[in-house]
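To keep things clear, I will list the structure first and then write my remarks on it.
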Amino acid sequence: MKHVISADQFNKDDILEILNLAKKMDEILASKKVCKIAEGKILATFFYEPSTRTRLSFETAMQRLGGSVISTSNVNFSSVKKGETIEDSAKVLSGYADVIALRSPEIGYAARAAKVSAVPILNGGDGAGEHPTQSFLDLYTISKYFDLEKPLTVSMVGELICGRTVHSLSKMLRNFPNVKINFVAPEEIQIPAKYFHEGDKKFYELTDEILETSDVIYDTRIQKERIAPEVYEKHKNAFHFDVAKVSKMKPNAMLMHPLPRVTEISPEVDDLPQARYFEQARNGVPTRMALIAYVLGLEV
Amino acid sequence: MKHVISADQFNKDDILEILNLAKKMDEILASKKVCKIAEGKILATFFYEPSTRTRLSFETAMQRLGGSVISTSNVNFSSVKKGETIEDSAKVLSGYADVIALRSPEIGYAARAAKVSAVPILNGGDGAGEHPTQSFLDLYTISKYFDLEKPLTVSMVGELICGRTVHSLSKMLRNFPNVKINFVAPEEIQIPAKYFHEGDKKFYELTDEILETSDVIYDTRIQKERIAPEVYEKHKNAFHFDVAKVSKMKPNAMLMHPLPRVTEISPEVDDLPQARYFEQARNGVPTRMALIAYVLGLEV
Amino acid sequence: MKHVISADQFNKDDILEILNLAKKMDEILASKKVCKIAEGKILATFFYEPSTRTRLSFETAMQRLGGSVISTSNVNFSSVKKGETIEDSAKVLSGYADVIALRSPEIGYAARAAKVSAVPILNGGDGAGEHPTQSFLDLYTISKYFDLEKPLTVSMVGELICGRTVHSLSKMLRNFPNVKINFVAPEEIQIPAKYFHEGDKKFYELTDEILETSDVIYDTRIQKERIAPEVYEKHKNAFHFDVAKVSKMKPNAMLMHPLPRVTEISPEVDDLPQARYFEQARNGVPTRMALIAYVLGLEV
């Protein structure tokens, strides 16, 4: 049985297979035809923490495949409150559904669920741990515009110390040796050593050089609560993307963001050709369709 | 692209087209046949405030059409809590769903969403603003028993100062010049000047004359919190509908209420022929089916 | 019109009919074929209290039948908060859905809803009252391994004073005179007199005799808040099921639990052949499919 728990479990061939499947799913979506690939199958979304975006895109994906959904968006109100373990929840849910998408506040819950579940588990984010389905949609977004096998410069900007999206994405990009990674963040929230590889570069300011030479800039929110107030005040403008800065990017470069954004990108940037973050969000649908099909072994 | 944001956007022809569509939807419902008009389409319900009635009737409508639903009933727990704007939420959701029903606590959110959304927006109530899909179901309920083109007396009773349902309904009724409107409420919560037109009448008591001459009485809840306690105490009984009062209405007249009611109508009234408020609630389904079909341009 | 409100409404023939229907549903599930028995039908789940397990298994059941679902998992946030009665909620919901599954915090809500609803009501638990659909899944689980018409010893263990699952189950078992019931609990939380029948036995300790002679042990959570702390401390270990104790059970005996469990059964017990509680949970699906088909009169 296949699960999607961590970026670590996928090699280059797996990744390319899934990206290719996502492309096929995009063609199905574009055709506007009714798809019944997953007819009669049920996805359970089981979210300890609310997350509109991730939950709804999983549920959209399953329904676009012709399947149906049972949904829990705030588990803390229910059986878990009574003290149920993630193992018990997973065993019960796997008696109902054919596949489970799980979001949890703590690292390791998805792996623990996968150990006992009778059906595939899709990790929809486990605390400060991993968020592999987000990484697949990020990779898929990049792959629509760039060949991952050819030289490519990806700069990750903002909150790098705790951000599970950049951690998972950087791990996946290691499968593509021509991709160069820059980590751009104030020192206090720079990338942890274990994610920093030989050949990577660290920057502490968002310089013109980064703007001008990156093919992909992956921006994330600087979370106020994880950084000293004076550090936040010092950097918040330096790391703010406005039209002037984004216009310095190459015309075919892309600015990504996992959303929701708060103040880190001006709304005016949305109209620039480099702004790809809403398209990126939308890519959650074909990518999660692909991942559901992948773990369920559906014929596409 | 069509949206349903405000009562202002519909002229008489639009209204009649939608009421006619609702009638066809009622026939589909009555036939008990499986309908696939919206097969493969997804409705997103995105409710900042919980509203069982409105949300469930939208979701019922979409499923009766053969489509499916992604649902968020309490947005405050999720991305919005992190500071996402309605514009960003609408852009993201419109990458998932084919049509979005939105309920928000503040005026103008639906219009702001419509400006940026890639798919139609249905305003499911925006604070003290508008609630046009409610007005359509109200109008549809009236139109099942009365010809809107002929002389008709509609009395709106109760909370008129802030009630978005009566505001939207009164606007729509302006398209039918033979409809006479009475506004019946204590002075403190009477209809705002901008909704009061030449030919309308104001009353400050629920008199026998109103009961005996109205074809339609549209009652709403007097919300304690919007009125001084002594005014509430003075009027609460005067505006209470019991069997004695409702029996004074014409036999074919109708008593409507947007529900939920609390104390303003006695449960015993439910059995009288004039009581139409549960039928009115049920009409939310064919009406919202019609509105979904209208904005999506579905073949009926 | 049929409702499922109380264990009292079912005689032996009804019960056997429903268990037989559940067996057919299990065959449909095992066949992995797409089922359309309830296509076009809508189940409303209306839960005042959150209950992941019960709600999701109802929703799974309806979708496995090919129907669809409208869902409210925390009614307190919505119209009920505005003061709506259960009668009004039921009248409105029955204008939307074809069948309603209701969970309420207070005894009698399901019966009140059934009195006014235009569609069947399934009682998904009403406070300390009844939980008949749970009893059917419990009975179905027992009936898969034992003939209810032949001699059988069922021991109910733990919280017996307020536990609606044991109350409803004991009532249903009265239809099968060869079933002997033991009630095993500290005196403070023993079975109320009205559920204790001639021929039943009471025990105040979980003895080897009970372990060795029972065909079915139905364990429930001892709820700390319903018992004096010193009583809880005294009994919590005595009523704890570990591998040593469960191994004393007959090889073909079964240990059941309505879940969620907290500390009353060690996770290591899960691997023993007597452990049937996850299978029991899974049986919620075919049983609730059967009950939906039963009240809707669906052809199976």
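Residue numbers (the working numbering), protein chains in the order written: chain G, 1089 to 1388; chain U, 1089 to 1388; chain L, 1089 to 1388. Yeah, the Cβ is synthetic: ideal placement off N, Cα and C, and Gly gets one too.
In terms of Cα proximity to residue 1253 (chain G), the closest of G:1246, G:1298 and G:1222 is G:1222. The beta carbons of residue 1229 (chain G) and residue 1364 (chain G) sit closer together than 8 Å. Rounded to the nearest whole angstrom, the CA to CA distance from residue 1129 (chain G) to residue 1156 (chain G) is 6 Å. If only complete runs of 3 or more residues are kept, the stretch 1260-1334 of chain G shows the beta strand (DSSP E) at 1267-1272, 1289-1291 and 1304-1307, in order along the chain. Residue 1125 (chain G) is bridged by DSSP to nothing; it lacks a bridge partner.
Among the residues facing chain G, residue 1179 (chain U) is included, as its CB has a counterpart in that chain under 8 Å away. Across the stretch 1124-1154 of chain G, CB contacts with chain U closer than 7 Å involve 1138, 1139, 1140, 1141, 1144, 1145, 1147, 1148 and 1151, in sequence order along the chain. Taken atom to atom, the span from the alpha-carbon of residue 1201 (chain U) to that of residue 1178 (chain U) is near 5 Å. Judged by pairs of C-beta atoms under 8 Å, the stretch 1099-1114 of chain G does not touch the stretch 1332-1352 of chain G, as fewer than three such pairs exist. Cβ atoms of residue 1210 (chain L) and residue 1379 (chain L) come within 8 Å of each other, at about 6 Å. If the five residues before and after residue 1116 (chain U) are omitted, its C-beta is found closer than 6 Å to the C-beta atoms of 1123, all from its own chain and listed in chain order. Secondary-structure assignment with DSSP links residue 1135 (chain G) through a beta bridge to G:1191. Taking a Cβ-Cβ cut-off of 7 Å, the neighbours of residue 1369 (chain G) in chain U comprise 1180 and 1183, given in sequence order. Counting of Cβ neighbours within 10 angstroms places residue 1295 (chain G) among the exposed residues, the total staying below 16.
Taking residue 1282 (chain L) as reference, the option from L:1328, L:1249, L:1331 and L:1339 with the minimal CA-CA separation is L:1249.
With 16 or more other CB atoms across the displayed protein chains lying within 10 angstroms of its CB, residue 1274 (chain L) is buried. Within the stretch 1335-1364 of chain G, the residues whose Cβ lies closer than 9 Å to some Cβ of chain U are 1347, 1348, 1349, 1350, 1351, 1355 and 1358, listed in chain order. The Cβ of residue 1158 (chain G) sits closer than 8 Å to at least one Cβ of chain L. Using a Cβ-Cβ cut-off of 7 Å, residue 1366 (chain U) is close to 1179, 1180 and 1183 of chain L, given in chain order. With a threshold of 8 Å between beta carbons, residue 1171 (chain G) makes contact with chain L. With its beta carbon at least 8 Å from every one in chain G, residue 1187 (chain U) lies outside the interface. In the structure shown, residue 1104 (chain G) falls within a helical segment according to DSSP collapsed to helix, strand and coil. Remark: C-beta atoms of residue 1384 (chain L) and residue 1114 (chain L) do not approach each other more closely than 8 Å. In this structure, residue 1357 (chain U) sits near residue 1330 (chain U), with a CB-CB distance shorter than 8 Å. Interface criterion not met: the Cβ of residue 1331 (chain L) is under 8 Å from no Cβ in chain G. In the three-state DSSP reduction, residue 1213 (chain U) falls in the strand class (E or B). Here residue 1174 (chain U) is buried, its C-beta having at least 16 other C-beta atoms within 10 Å. Boundaries of the beta strand (DSSP E) around residue 1158 (chain U): 1156-1160. Rounded to whole angstroms, the Cβ separation of residue 1095 (chain U) and residue 1256 (chain U) is 4 Å, and the two are in contact under 8 Å. Annotation: the continuous alpha helix (DSSP H) that includes residue 1383 (chain U) extends over 1372-1384. Here residue 1126 (chain G) is buried, its C-beta having at least 16 other C-beta atoms within 10 Å. Nearest CB-CB separation between residue 1092 (chain L) and chain G: not below the 8 Å threshold.
Residue 1361 (chain L) is classed as exposed because its beta carbon has fewer than 16 other beta carbons within 10 Å across all chains shown. Beta-bridge partners assigned by DSSP to residue 1243 (chain L): L:1270 and L:1305. In terms of CA proximity to residue 1181 (chain G), L:1141 leads the group L:1141, L:1158 and L:1192. Using a Cβ distance threshold of 8 Å, residue 1236 (chain G) and residue 1267 (chain G) count as a contacting pair.
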